[in-house]
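Single-structure report; data block below.
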Amino acid sequence: MKTLKNGKIPVIVIAGPTASGKTAVSVEIAKRFNAEVISADSMQIYKGMDIASAKPTADEMQGIEHHLVDFLEPHIKYSVAKFCEDAFHCVEAIRSRNKNVIVAGGTGLYIDSFVNNIVFEKQEDNEKIREKIRLRREKEGIEAIYEELRKIDPETADSLHINNEGRVMRAYETYLLTGEKPSVIRQRSRSSQSPFAPVYICLMYEDREKLYDRINKRVDIMLEKGLLKEAEEYFSLDRQSTSSQAIGHKELIPYLTGEISLETAVENLKRSTRNYAKRQLTWFRRNENMIPVYCDKYDNFSDMVNAISDIIKKSGLFEEGDIY
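Residue numbers (my numbering): 1 to 324.
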């Protein structure tokens, strides 16, 4: 098990927008670098949300251990601070087995907060402010809160999808409670030194339309696998839970309630997913340590994985096939 001379723990990050192929890449890299995978996906944590979150199947994982997937009941809220705590425990367990660590996913806030060892300031709950935000949400819609958050703190707004209502409202609540932008609080929390030395790979596409085509096709496949039934089951469980607001469920609810046609709902879902991918890319591009790998530059999957392996080896943090 390798620890660098400076005491830091080497970590491989495989990030990227939805439908970019992170699962397949992280599994192949895990095989080559004797690693286990920590999932950094804010929706794959929930039990039962298999289709909407594109949760990796047993066949797709190919025997590679995946952590922080499919462990939380749909009604339970989960924070980025709790993810960082849980992920660190996973690192300790993985290294106790003489394995390396891969952090793979599309939730940039989870990845960066963990890798950079962000320290989260405790905030007092203020029920009056929370109730005020809730009433505004009911009267004006989440769009009004999101747009106000964008005026106050565009960096934070860009990091959140409007469909993730819980996080949008929490960010706005943070501002009302503290009088500070959430992004400023986050920046201040970065003063703690990180125990990790990451090589940060981000899967991207030079031709954005190729990514969008992958997204559209994946939505069609999800529907064939039973996405509509899954969304209906979650909707019946708890209409206000974080998990019921996931992309892939929320867009189908107007169809389930008879407000729009299935065709319109599916088109809304595809558009929402494409917009989410844009926001993910915006987030990842801001990371100066990010190494882009353009998937559409390679003739086949094997060539791309070989290129990623070379990047990791050249980082000096790992050696292919070594057992640390």
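Ideal placement from N, C-alpha and C gives every residue a C-beta, glycine not left out. In this text, all values refer to a predicted model and were calculated from it rather than measured experimentally.
Member of the options whose CA lies at the smallest distance from the CA of residue i
i: N275; options: H89, L160 and I118; result: L160
i: K82; options: I111, I152, E209 and R271; result: I111
i: L343; options: A144, K217, N126 and Y146; result: An answer regarding residue 343 cannot be provided, because it is not within the stretch 1 to 324 covered by the chain.
i: I308; options: V293, D299, L262 and E206; result: V293
i: A15; options: L227, N306, A144 and N289; result: N289
i: I291; options: A265, L227, D310 and G166; result: D310
i: N100; options: I64, K181, P10 and K151; result: P10
i: E399; options: L4, R170 and E28; result: A question about residue 399 goes unanswered here, because the residues of the chain that appear run from 1 up to 324.
i: V199; options: E65, L317, A35 and R285; result: L317
i: K225; options: I162, S53, F196 and Y78; result: S53
i: D153; options: Y172, K77 and A231; result: Y172
i: K326; options: Q187, K31, E73 and N34; result: Residue 326 falls outside the range modelled here, since the chain spans only 1 to 324, and no answer is possible.
i: V115; options: L228, E143, K8 and G258; result: K8
i: F284; options: S113, I29 and N6; result: S113
Residue i and residue j closer than 8 Å at C-beta
i: L385; j: V13; result: With the chain covering only 1 through 324, there is no way to say anything about residue 385.
i: S183; j: E140; result: no
i: S22; j: G106; result: Residue identity check: residue 22 is Lys in the sequence provided, not Ser. Yes; because the gap between Cβ atoms is below 8 Å, this pair is in contact.
i: P254; j: I260; result: yes
i: L269; j: V219; result: yes
i: T18; j: I215; result: yes
i: I145; j: V168; result: yes
i: M222; j: I51; result: yes
i: V103; j: Q62; result: no
i: N117; j: P195; result: yes
i: K77; j: G166; result: yes
DSSP state of residue i mapped onto helix, strand, coil
i: N34; result: coil
i: A15; result: strand
i: F196; result: strand
i: V103; result: strand
i: V25; result: helix
i: Y324; result: At Y324, the pLDDT of 42 sits below 50, so the modelled position is not reliable and the matter cannot be decided from this model.
i: V305; result: helix
i: Y294; result: strand
i: L317; result: coil
i: L203; result: strand
i: I311; result: helix
i: I9; result: strand
i: R271; result: helix
i: N231; result: Asn is not the amino acid found at residue 231; the sequence shown has Ala there. It is helical.
i: S261; result: coil
i: R286; result: coil
i: R137; result: helix
i: L252; result: helix
i: E246; result: As written in the sequence, residue 246 is Ala, which differs from the Glu given in the question. A246 falls in the coil class under three-state DSSP.
i: N300; result: coil
i: S20; result: coil
i: V115; result: helix
i: R97; result: coil
i: N336; result: With the chain running from 1 to 324 in the structure shown, residue 336 is simply not present.
i: L281; result: helix
i: G108; result: helix
i: L4; result: coil
Any chain C beta carbon closer than 8 Å to residue i
i: E148; result: This model lacks chain C altogether; it includes just one protein chain.
* Which whole runs of the alpha helix (DSSP H) in the stretch 38–93 are 4 residues long or more, in chain order? -> Qualifying alpha helix (DSSP H) stretches, in chain order: 58–61.
* Are the stretch 30–45 and the stretch 56–76 touching by the rule of at least three beta carbon pairs closer than 8 Å? -> Yes: at least three Cβ pairs fall under 8 Å.
* Answer yes if the stretch 265–282 comes into contact with the stretch 88–98, meaning at least three C-beta pairs across the two stretches below 8 Å, and no otherwise. => No, the stretch 88–98 is not in contact with the stretch 265–282.
* Asked: Which full runs of the alpha helix (DSSP H) of 4+ residues lie inside the stretch 134–186, going along the chain?
  -> Here the runs fully enclosed are 142–152, 154–159 and 165–178.
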